[in-house]
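A.B. asks: Got a structure for you, questions after.
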Amino acid sequence: MLARKLEKNIRSALSRFPVVTLVGARQSGKTTLADKIAGDLALRVHFYDLEDPRHALAMEDPLSALGAFEDKLVIIDEAQRMPSLFPVLRVLVDANRRPGRFLLLGSASPDLRRQSAESLAGRVQTLVLRPLTLDEVGGQARLDTLWARGGFPEAFLSADDDTSMEWRNAYLRDLVERDLSLLGFDLPPERMRRFMLLLAHLHGQLWNASSLARTLGIGTNTASRYLDAMSQTLLVRRLEPYYRNLGKRLTKSPKIYLADSGLAHALLGIPDKTALLGHPSLGASWEGFVLQHLDASLPAGWDVAFWRTAAGAEIDFLLLKNGQPEVAIEAKANATHPKPARGFHQGCDDLKINRRWLVSPGNETLALPQGVEVLPLAECLARVREL
Numbered sequence: 001m002l003a004r005k006l007e008k009n010i011r012s013a014l015s016r017f018p019v020v021t022l023v024g025a026r027q028s029g030k031t032t033l034a035d036k037i038a039g040d041l042a043l044r045v046h047f048y049d050l051e052d053p054r055h056a057l058a059m060e061d062p063l064s065a066l067g068a069f070e071d072k073l074v075i076i077d078e079a080q081r082m083p084s085l086f087p088v089l090r091v092l093v094d095a096n097r098r099p100g101r102f103l104l105l106g107s108a109s110p111d112l113r114r115q116s117a118e119s120l121a122g123r124v125q126t127l128v129l130r131p132l133t134l135d136e137v138g139g140q141a142r143l144d145t146l147w148a149r150g151g152f153p154e155a156f157l158s159a160d161d162d163t164s165m166e167w168r169n170a171y172l173r174d175l176v177e178r179d180l181s182l183l184g185f186d187l188p189p190e191r192m193r194r195f196m197l198l199l200a201h202l203h204g205q206l207w208n209a210s211s212l213a214r215t216l217g218i219g220t221n222t223a224s225r226y227l228d229a230m231s232q233t234l235l236v237r238r239l240e241p242y243y244r245n246l247g248k249r250l251t252k253s254p255k256i257y258l259a260d261s262g263l264a265h266a267l268l269g270i271p272d273k274t275a276l277l278g279h280p281s282l283g284a285s286w287e288g289f290v291l292q293h294l295d296a297s298l299p300a301g302w303d304v305a306f307w308r309t310a311a312g313a314e315i316d317f318l319l320l321k322n323g324q325p326e327v328a329i330e331a332k333a334n335a336t337h338p339k340p341a342r343g344f345h346q347g348c349d350d351l352k353i354n355r356r357w358l359v360s361p362g363n364e365t366l367a368l369p370q371g372v373e374v375l376p377l378a379e380c381l382a383r384v385r386e387l
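Take the sequence shown: its position 276, counting from 1, is numbered 276 in the UniProt record's numbering, and each next residue is one higher.
If you want it as structure tokens, here you go:
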């Protein structure tokens, strides 16, 4: 079993909050992680899976069912399937605010987050399980496999690239034909297939709702609604720009990424690392892969954005501490002779950033002119976690 970095955070939250909610894309490893925690706690756990009709039947009267386990951690999988559960949890928690009473697992749906925020305010901590990262799968030596297959555990751990691709294609098929409707989104499957394919081709580019809407033959508001749905399921990452001060004409549209490199490659028909190296989307793929890792690794109080002028000068990623840029990162897929574009230096000078990192798929740490350090992804992650 792969060790997940988030396990420590979950255990810490369970020691401080009556309710902990763990959200993530479907099949991202939430249940496996909860099973590991339950195994470590031995007999002090009771488990409900609301996808199992027998468990759902047992929870028809949740107040009685859950009230019998005041001295145990109750894990409830697929919690988004029972909206009526959350007011009951509030009643139970208000009667006994012991930390570690409930661990809720759910696919990232708007209802789950809203119910947690509204019904359990002050009683819950919500954590997000993202795709596997390099430091969870064995480090730099596994980079090629993780980049090509993505971070869904079954896709990464498949016996070979063909099996991994079959899994990802099936995942995408189930997503548009079944999962989105189960998560509360009323979206036509065939149109969503086309929408996701377009997003894969726009991976790492600025969001232009009007252009995409024309291509699909839908309204601009509908295109934006589709993007909201995919963002809420944690399968699309909308990266916001940093555009404060400076008196420059700066881009204010977000950039769009598929949140998992393996799903992006499946949509683009890229079967393995060899095919990826010759594909026009190589640079955008690496950029999105680096962003996956930044999202999973940044400490509390830090955020990530991008910076771009109307003239095209750009910083791929700004690491922000309390809204202020502290680190500039350029993602370059060239592992042999990586160097930043001139616009990267211009942005760093304008924003007065001294920490300038270029992250490549290579294995060496190098010093370049103007204070730029070339870092392997593993070294970048180590530094990010220490911020």
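Where is the CB? At the ideal position from N, CA and C, for every residue including glycine.
1) Taking the beta carbon of GLU287 as the centre, do at least 16 other beta carbons fall within 10 Å, making it buried, or is it exposed?
2) From the DSSP secondary-structure annotation, give me the bridge partner or partners of ARG238.
3) Specify the secondary structure class of ARG308 as computed by DSSP and reduced to three states.
4) Evaluate VAL384 with the Cβ neighbour count: other Cβ atoms within 10 Å of its Cβ, from every protein chain shown; 16 or more gives buried, anything less gives exposed.
5) Spatial neighbours of TYR226 within its chain, please: CB distance less than 6 Å, with the 5 preceding and 5 following residues excluded, ordered by chain position.
6) Would you call the stretch 46 to 56 and the stretch 19 to 29 in contact, with 3 or more CB pairs under 8 Å?
7) With distances taken Cα to Cα, identify the nearest neighbour of VAL20 among ASN221, VAL304, GLN140, ARG97.
8) Below 8 Å between beta carbons: does that hold for SER253 and LEU282?
9) Where DSSP assigns a beta bridge to ASP49, which residues make up the other side?
10) If I follow the unbroken alpha helix (DSSP H) through ARG214, where does it start and stop?
11) On the DSSP bridge assignment, give the partners of GLU330 in chain order.
12) Report the residue from GLN115, ARG130, PRO131, LEU132 whose alpha carbon sits nearest the alpha carbon of VAL124.
13) For the stretch 160 to 173 and the stretch 217 to 234, state whether three or more C-beta atom pairs, one from each stretch, are separated by less than 8 Å.
14) Flag this pair as yes or no: are the beta carbons of TRP307 and TYR257 separated by less than 8 Å?
15) Rounded C-beta distance between ALA108 and LEU234? I'm assuming under 8 Å.
16) So the alpha helix (DSSP H) LYS321 belongs to, where does it begin and stop?
17) With a CB to CB cut of under 6 Å and the five nearest residues on each side skipped, what residues in its chain are close to residue 392?
18) When the distance is taken between beta carbons, is SER285 closer than 8 Å to HIS203?
19) Return the first residue and the last residue of the beta strand (DSSP E) that GLN125 is part of.
20) PRO189 CB to nearest chain D CB: under 8 Å?
21) Taking all protein chains shown into account, do 16 or more other C-beta atoms lie within 10 angstroms of the C-beta of THR133, making it buried, or fewer, making it exposed?
22) What's the C-alpha gap between GLN140 and GLU386?
23) Is the stretch 370 to 377 close to the stretch 339 to 357, with three or more CB pairs under 8 Å?
24) Find out if the Cβ-Cβ distance for the pair ASP49, ASP77 is shorter than 8 Å.
25) Helix, strand or coil for GLY106, going by three-state DSSP, please let me know.
26) Rank PRO189, SER360, SER119, GLY301 by C-alpha distance to the C-alpha of ALA331 and give the top, closest one.
27) With a 10 Å radius around its C-beta and 16 neighbouring C-beta atoms as the bar for buried, classify ARG244 as buried or exposed.
28) Rounded to a whole number of angstroms, what is the C-alpha to C-alpha distance between ASP160 and ALA148?
29) By the 10 Å Cβ neighbour count, where 16 or more other Cβ atoms means buried, how is LYS8 classified, buried or exposed?
30) Just verifying my parser: in three-state terms, what is the DSSP assignment at PHE18?
31) Taking the alpha carbon of GLY106 as the reference point, which residue from LYS30, GLU364, ARG142 has its own alpha carbon closest?
32) Look at LEU120 and PHE86 and say whether their C-beta atoms are less than 8 Å apart.
33) With a CB to CB cut of under 7 Å and the five nearest residues on each side skipped, what residues in its chain are close to HIS345?
34) Within the same chain, show all residues whose beta-carbon is closer than 8 Å to that of VAL290, passing over the 5 residues directly before and after it, in chain order.
C.D. replies: Short version:
1) buried
2) ILE256
3) The three-state secondary structure of ARG308, taken from DSSP, is strand.
4) buried
5) PHE195
6) no
7) ARG97
8) no
9) ASP77
10) 209 to 216
11) LEU358
12) GLN115
13) no
14) no
15) 4 Å
16) LYS321 -> not in any alpha helix (DSSP H); beta strand (DSSP E) instead, spanning 314 to 321.
17) This structure cannot settle anything about residue 392, because the visible part of the chain is limited to 1 through 387.
18) Yes; because the gap between Cβ atoms is below 8 Å, this pair is in contact.
19) 124 to 129
20) Checking the listed chains, one finds no chain D in this structure; it contains a single protein chain.
21) buried
22) 18 Å
23) yes
24) yes
25) In the three-state scheme derived from DSSP, where H, G and I count as helix and E and B as strand, GLY106 is classed as strand.
26) SER360
27) By the neighbour-count rule (16 or more Cβ atoms within 10 Å), ARG244 is not buried but exposed.
28) 11 Å
29) exposed
30) It is worth fixing the name first, because residue 18 is Pro in this sequence and not Phe. If DSSP states are grouped into helix, strand and coil, PRO18 belongs with coil.
31) LYS30
32) Judged by beta-carbon spacing, PHE86 lies within the 8 Å limit of LEU120, meaning their Cβ atoms are closer than that value.
33) By the criterion of a C-beta distance shorter than 7 Å, HIS345 is surrounded in its chain by GLN370, once the five residues flanking it on both sides are discounted.
34) ASP316, PHE317, ILE329, ALA331, VAL359, LEU377, CYS380
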